[in-house]
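Input: a single structure, listed below in structure tokens.
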Amino acid sequence: MKTEHTPRTEAAEGTGPGRPDAPDAHDPRTDPESAESGRARRLDLIAAAAGILLVTAAILVGHAIQNRNGTLRAQWPPLLASWDPHLGPGTPAALAMAVLVVAYGPPLAARLPWRGLLAAAWAGSTAWVFSMALIDGWYRGVERRLTTKHEYLRVIDRFDDIPATLRDFTNHIVIGEPGNWPAHVAGHPPGATLTFVWLDRIGLGGGAWAAVWCVVVGSSAVLAALITVRVLAGEHLARRAAPFLVLAPAAVWAGVSADGYFAAVAAWSVALLALAATRRVRFPAAAAVGGGLLFGWTCYLSYGLGLMAAVLLVVLVLARTARPVVPFLLGALVVPAAFTLAGFNWWTAYHLLVERYYQGAGGIRPYAYWVWANLACAVLASGLAAVAGVRRSASYAFGAVRELRTGAGGVRLTGNGAPHAPAQRLALLVLAALVALLAADLSGMSKAETERIWQPFLLWLLPAAALLPARTARYWLVASVVPALLINHLLWTGW
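All residue numbers for the sequence shown refer to this note's numbering, where the first residue is 9 and numbers rise by one.
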């Protein structure tokens, strides 16, 4: 008997293992492992080896260039870091988190109720990021991070009159202007700085509160990614992706960085649009408006995050609907309209930022090195599991596009609620993020520091690890988390 689809119940409760409406774990459409072959496993290892070779080349070539003429402006290329072996109070916690998630993460992700999995994932991600930050100690690794000379908190007192400051904002972007902004304030639209101004206004001022905000809010990006994967590619793959999202190597830079917060805002924009497009919430139009509002805010947090439009577009393509477009666009116009009416011109500011960028390190760092070394940074920040998963995503791409062209690749629900071709849909979502990342890379406006700047894109590469065989999940988790722990203990990472 065909049952009526009830968005609210399905979205809230999920389809747990063993339930009548759970995806068939042996169906090749829902479990890529069922089509696993020795050749595929070898290709996964080759992709991981290629990632290691890319990182090795970036280190060796980078040190040669930096030692010769110093033009990379990075002491330990390709990362913006310096050699500093150390332990800290976060070391035991980080090691414990890694061991627990590697040992128990995959089975727990498969068995927990959906809401329980979301809660555990958020808590686990928050604990992982905080423990990594505390390897550098509370003061140096957390409290001081957002108060250095380049950071947002250095200019809080200049926002006493917010409308006047917004009107005058573009006059202080270029170096040489009186009172030019610090690097990160000048390098972002004022929404980024306003976040910390508003925190200060409600009594949560200072570096510690700013750090807690960035970590706790930033870690919620894991929830947004899980929800998006579930509604577009099925709960089975979302559950398999969960441990990789929790133990993201990018935690080295998310703790503590405002870019982690930016990643979460962008991710929730995608998640709300996915919920609206698949009608998995009671009020899809409201979800679409909310997604638009967050996308508008995303564009006023970082200039480059307009590229997230590639991921948003693929969400609509996978859902095979344009229904949420109008409410999404209406929501997306609110933030730009508010800033424009307040006197801030986004396009003028962006062009001035380009000038400021080339006044500083961006004008010295060689494009010929960073255009490929940036990708080595992406390997380190996303992990080898994501690299192998992206390889699998590429192998699914042709079939996914073919199904979309024949009309079979949308998020169609069969009578028992099992989605069609989920691995191919996940592959397209991952590849959309990869396209956005490559566009940022080729633009020349991302030379170095991409291990931090690209966090909003890197987040969407992590679910690709769900395409790897479940029985190898622990090995891939280890392969991703060990380099992250080594980086955090051997290097002092900065921005």
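Ideal Cβ placement from N, Cα and C applies to all residues, glycine included.
All values derive from a computational prediction rather than experimental measurement.
Kindly list the residues whose CB is nearer than 6 Å to the CB of G314, restricted to its own chain and excluding five residues on each side of it in sequence; keep chain order.
-> Same-chain partners within the cutoff: C307.
Item checked: Y269 vs C222 beta-carbon contact at 8 Å -> With contacts defined by Cβ atoms closer than 8 Å, Y269 and C222 form a contacting pair.
Where does T134 fall in DSSP's three states?
Reduced to three states, the DSSP call for T134 is helix.
### Query
Can you check whether the CB of Q432 is closer than 8 Å to the CB of A402?
Going by C-beta atoms, A402 is not nearer than 8 Å to Q432.
Exercise for the section: Decide if D92 is buried, meaning its Cβ has at least 16 other Cβ atoms within 10 Å, or exposed. Expected result: With fewer than 16 other Cβ atoms within 10 Å, it is exposed.
- Message: So, at 8 Å on beta carbons, what are the nonlocal neighbours of L392 in its own chain, with the 5 sequence-adjacent residues on each side left out?
- Response: For L392, the CB contacts under 8 Å within the same chain, skipping 5 residues up- and downstream, are A56, G59, I60, W484, A487, S488, P491 in chain order.
**Request:** Count the other C-beta atoms from every protein chain shown that fall within 10 angstroms of the C-beta of S90, then say buried if there are 16 or more, exposed otherwise.
**Result:** With fewer than 16 other Cβ atoms within 10 Å, it is exposed.
Can you look up T64 in the DSSP assignment and give me helix, strand or coil? Residue state, collapsed to three classes: helix.
Subject >> Separation of D267 from L154, as counted between CA atoms >> reply: Approximately 11 Å, taken between the alpha carbons.
- DSSP beta-bridge partners of E457: Answer by DSSP bridge pairing: none, since E457 is not bridged.
Are the Cβ atoms of F321 and S133 separated by less than 8 Å?
Reading off the sequence shown, one finds Leu at residue 321, where the question assumed Phe. With contacts defined as CB atoms closer than 8 Å, L321 and S133 fail to qualify as a contacting pair.
- To the nearest angstrom, report how far apart V205 and G187 are at their CA atoms. Cα to Cα, the separation comes out at about 18 Å.
Quiz item: On the three-state DSSP scale, how would you describe E185?
Solution: Here E185 sits in strand by DSSP.
Notebook entry, point to check: Taking C-alpha atoms, which residue in S265, A448, V182 lies nearest to V220?
Noted result: Nearest C-alpha to V220: S265.
What is the rounded straight-line gap between the Cα of T501 and the Cα of V342?
Their Cα atoms are separated by approximately 37 Å.
### Query
Considering only residues of the same chain and omitting the five flanking positions on each side of L493, which have a CB-CB separation below 6 Å?
Shown here for L493: not one same chain residue has a beta carbon closer than 6 Å to its own, the five before and five after excluded.
Taking the alpha-carbon of I73 as reference, which of A218, I372, R413 has the nearest alpha-carbon? Closest option to I73, Cα to Cα, is I372.
Problem - Span of the alpha helix (DSSP H) around S310 - result: Taken as a continuous stretch (DSSP letters only), S310 belongs to no alpha helix (DSSP H), as it is neither H nor E.
- How should E363 be labelled, buried or exposed, when 16 other C-beta atoms within 10 angstroms of its C-beta is the threshold for buried? E363 counts as exposed, since fewer than 16 other C-beta atoms from the protein chains shown sit within 10 angstroms of its C-beta.
Q) Excluding sequence positions up to five away, which residues of its chain have a Cβ less than 6 Å from the Cβ of H340? A) Position check: residue 340 holds Ala in this sequence, whereas His was assumed. Only G300, F303, G304 meet the Cβ criterion.
| message | Within a Cβ cutoff of 6 Å, which residues of the same chain sit near S139, ignoring the five residues on either side of it in sequence? | response | Sequence-distant partners of S139 (beyond 5 residues in either direction) whose C-beta falls short of 6 Å from its own C-beta, in its chain, are G98, A101, A102, M105.
Please confirm whether L388 and E459 have their CB atoms less than 8 Å apart. Note that the C-beta distance between L388 and E459 is below 8 Å.
| message | Classify F406: buried if its beta carbon has 16 or more other beta carbons within 10 angstroms, exposed otherwise. | response | Burial call: exposed.
Worksheet item: When we look at the beta-carbon of V438 and count the other beta-carbons within 10 Å, is it buried (16 or more) or exposed?
Response: Label assigned to V438: buried.
Open item on the list: Does W91 come out as helix, strand or coil in the three-state DSSP assignment?
Closed with: W91 carries a strand assignment under DSSP once its states are collapsed to helix, strand and coil.
Buried or exposed (CB count within 10 angstroms, at least 16 for buried), W355: Exposed, because fewer than 16 other Cβ atoms sit within 10 Å of the Cβ of W355.
* To do: Quick one: grab the DSSP three-state call for L499.
  => Residue state, collapsed to three classes: strand.
Check whether the stretch 185 to 201 touches the stretch 155 to 165, taking contact to mean three or more Cβ pairs, one atom from each stretch, closer than 8 Å. The stretch 185 to 201, when compared against the stretch 155 to 165, does touch it at the 8 Å Cβ threshold.
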